[in-house]
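J.: For the sequence shown, this note's numbering begins at 5 and goes up steadily by one.
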Amino acid sequence: MKAARGFTLLELLVVLGIVGVLAGVVVLSFVGADRERNLQTEAVRLAALVELARTEATIRNTRMGLFVDDAEYAFATFEAETGDWVRPEEGPFRPRTAPEGVSFSAATETLELPAGPAPRRARRALPDILIFASGEQTPFTIEVVPAWGSTPWLVHSDGIQRTVANRAGEDAA
């Protein structure tokens, strides 16, 4: 009599275990890639919004600013009559909160404020980054930092050239 051909229960369990482990690795790699893509998207969005604000300031012949803290960033327009920085609540310049697990860190060159009759409250509430009607802006670097230990993204400009976003350690394109 011939022996039956097929797989033993032990062989099937080993194969199922290997398939389960491989499926878990694939799913986890997609989850990590999604976080990285969201990190890149946030950095590129911030760079594009800074460029849009530069264009807006030039077209409207006004000053704009960008306030940055670790959890959010917000654009504002300078109202010369009141000396206040007004933050819109809607539209492209609305305040934006960092995605979960992401924080912002801004570094700028210091600017000397011109002497004159500018209202005190305008000096006290000065944005981190100033954008002038000429298209110039405060030279800056904003680090978009992931909490999961990945390489951060840098959004930066020398104040004259366009704002770019690139991975820390990579050359700007």
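Idealized CB from N, CA, C, for every residue including glycine. None of the values given here were measured: they were computed from a predicted structure.
Return helix, strand or coil for Gln44, following the three-state DSSP convention.
T.: Reduced to three states, the DSSP call for Gln44 is helix.
J.: Where Ala137 and Val30 are concerned, what is the direct C-alpha to C-alpha distance, given to the nearest angstrom?
T.: 50 Å
J.: Start and end of the beta strand (DSSP E) containing Glu83?
T.: 76-83
J.: What's the C-alpha gap between Glu15 and Val23?
T.: 12 Å
J.: Considering Cα atoms alone, identify which of Thr145, Glu40, Thr86 is closest to Val72.
T.: Thr145
J.: Would you kindly work out how many angstroms separate the C-alpha atoms of Arg98 and Val18, rounded to a whole number?
T.: 54 Å
J.: Grab the span of the beta strand (DSSP E) containing Trp152 for me, first residue to last.
T.: It is not in any beta strand (DSSP E) - Trp152 carries neither H nor E in the DSSP assignment.
J.: Exposed or buried, Trp157, counting other C-beta atoms within 10 Å across all chains shown (16 or more means buried)?
T.: buried
J.: In angstroms, rounded to a whole number, what distance separates the CA positions of Glu60 and Pro150?
T.: 30 Å
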